[in-house]
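Take the sequence shown: its position 136, counting from 1, is numbered 1088 in this note's numbering, and each next residue is one higher. Worksheet for the structure shown next.
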Amino acid sequence: LASASIPYLPGTSSVLTDSSDMMFAWSNSYGTLSSPWKFPVPPIFRGATPMAAGNCSAAYVTINATNINAATSVVSLLRYGSASWTGNTCDGPCAGSYGIICLKQPGVAAGTTAAGMGTFPFFSGFNVAGADYCSDSSAVYNNVNCSATRRFAVYVR
């Protein structure tokens, strides 16, 4: 994508205003979802997409995320925005502007290098030219390239 200024679709501001839930998932070109996780819409995402909303100084929000397939929930830190990080897992000290969205393991402090939470989508590389990555939060960032069969998708209701 090579951009952190990815907007929501035109004409959807009222949908965002009235929505209570947000969902991240992987989607193929037919709209079939995998690894869907839902959570209450964080206020910061009402005005900007998760790709554009944060940087190193404000790139975490606590969410109560539900893995829809497993019917389990976890309260943890969602990392988001145009920042980058050192290391190759969900979190580490801030450095650069690569682009990252992932869910940390519960109880792991911000800025601590550790793998993320299970199958929650780990979308990265969207802020620079080259490949975008669509791994799970528990994997390294470049474990899976985004493709027509695995795209990062954001839904609200």
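We put the beta carbon where it would ideally sit given N, CA and C, even for glycine.
Considering only the beta carbon of each residue, do residue i and residue j sit closer than 8 Å?
i	j	result
residue 978	residue 1105	yes
residue 1080	residue 1032	no
residue 1028	residue 1058	yes
residue 1004	residue 1034	yes
residue 1030	residue 1013	yes
residue 1089	residue 1078	no
residue 995	residue 973	no
Need the endpoints of the beta strand (DSSP E) that residue i sits in, please.
i	result
residue 1026	1024 to 1031
residue 1014	1012 to 1019
residue 1088	1085 to 1088
residue 957	Taken as a continuous stretch (DSSP letters only), residue 957 belongs to no beta strand (DSSP E), as it is neither H nor E.
residue 976	973 to 979
residue 1049	Residue 1049 -> no beta strand (DSSP E), and no H or E assigned at all.
First and last residue of the alpha helix (DSSP H) that includes residue i?
i	result
residue 1099	Premise fails: residue 1099 is in no alpha helix (DSSP H) and is neither H nor E.
For residue i, which residues in the same chain have their Cβ closer than 7 Å to its Cβ, ignoring the five residues on either side in sequence?
i	result
residue 1020	988, 989, 990
residue 967	1108
residue 960	968, 1001
Would you say residue i reaches chain B, if we count a Cβ-Cβ gap shorter than 8 Å as a contact?
i	result
residue 1096	Note that chain B does not occur in the displayed structure, where there is just one protein chain.
Short of 6 Å in beta carbon distance, which residues of its chain neighbour residue i, apart from the five on each side in sequence? Order them along the chain.
i	result
residue 1002	1032, 1053
residue 926	Residue 926 falls outside the range modelled here, since the chain spans only 953 to 1109, and no answer is possible.
Taking the alpha-carbon of residue i as reference, which of the options has the nearest alpha-carbon?
i	options	result
residue 1048	1039, 1056, 1055	1039
residue 1067	999, 1092, 1075	1092
residue 971	982, 998, 959, 963	998
residue 1041	1085, 1006, 1022, 1026	1085
residue 1069	1046, 1037, 1016	1016
residue 1044	1072, 1011, 1025, 1026	1011
residue 1022	1097, 958, 955, 1071	1071
Please go through the same chain and pick out, in chain order, the residues whose beta-carbon is closer than 8 Å to the beta-carbon of residue i, but skip the five residues on each side of it.
i	result
residue 958	1001, 1003, 1004, 1078
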